[in-house]
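So for the sequence shown, this note's numbering puts the first residue at 31; every next one is plus one.
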Amino acid sequence: MAGVSRSISTTQRRKYVSLTDASRALGLESLPIIRVPPGQKAPPIQTQARSATILPNFVGLVFQVHNGKIYVDVEITEDMVGHKLGEFSP
Numbered sequence: 031m032a033g034v035s036r037s038i039s040t041t042q043r044r045k046y047v048s049l050t051d052a053s054r055a056l057g058l059e060s061l062p063i064i065r066v067p068p069g070q071k072a073p074p075i076q077t078q079a080r081s082a083t084i085l086p087n088f089v090g091l092v093f094q095v096h097n098g099k100i101y102v103d104v105e106i107t108e109d110m111v112g113h114k115l116g117e118f119s120p
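Written out as structure tokens, the structure reads:
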């Protein structure tokens, strides 16, 4: 067994690029899908991903962003689109 390679071949490695690539290939959305009855607010989404970019789909949602010690409520407005979640969590 002296010449046997123990690494994953290139074709096998391509299968495991990332979970987001796999979900895109299947046509799935990786964004939160929240359906709330009219007149009610969606529950807050708790996250530690301070580097996540705020997308237009997030407008009106409430995120609880971890600041290293506690979770801080951040309500997303149109002015915040394109910024990072951590910018609004002191």
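Virtual Cβ for every residue (Gly too), placed ideally from N, Cα, C. Since this is a predicted model, take the numbers as computed values, not measurements.
Practice item. Leaving aside the five residues before and after F88 along the sequence, list all residues of the same chain whose C-beta is less than 6 Å from its C-beta, in chain order. Key: As a first step, residue 88 must be located in the sequence shown, where it is residue number 58. So the qualifying residues of the chain are I106.
**Study point:** Minimum C-alpha distance to R80 - residue among P74, G98 and R65
**Key:** In the sequence shown, counting from the first residue as 1, residue 80 sits at position 50. For the residues P74, G98 and R65, the minimum Cα distance to R80 belongs to G98.
Point to revise | Check whether V111 and P86 have beta carbons under 7 Å apart | key: Locating residue 111 in the sequence shown gives position 81, where the first residue counts as 1. Locating residue 86 in the sequence shown gives position 56, where the first residue counts as 1. Contact flag set, yes.
Review point. Taking the beta strand (DSSP E) that V92 falls in, what are its first and last residues?
Key: One-based indexing of the sequence shown puts residue 92 at position 62. Element bounds for V92: V92 to H96.
Point to revise | Backbone CA spacing between E117 and L91 [nearest angstrom] | key: In the sequence shown, counting from the first residue as 1, residue 117 sits at position 87. In the sequence shown, counting from the first residue as 1, residue 91 sits at position 61. One C-alpha to the other measures close to 16 Å.
Review point. Among the residues of its own chain, which have a CB less than 8 Å from the CB of V66, if the five just before and after it don't count?
Key: The residue you call residue 66 lines up with position 36 of the sequence shown. Same-chain partners within the cutoff: A72.
Practice item. Classify I84 as buried or exposed, calling it buried when 16 or more other Cβ atoms lie within 10 Å of its own Cβ. Key: Residue mapping note: residue 84 aligns to position 54 of the sequence shown, counting from 1. Looking at its Cβ environment, which holds 16 or more other Cβ atoms inside 10 Å, I84 is buried.
Point to revise | Inter-residue Cα distance where the pair is I75 and Q94 | key: Taking the sequence shown and counting its residues from 1, one reaches residue 75 at position 45. Taking the sequence shown and counting its residues from 1, one reaches residue 94 at position 64. Taking the straight line joining both Cα atoms gives about 6 Å.
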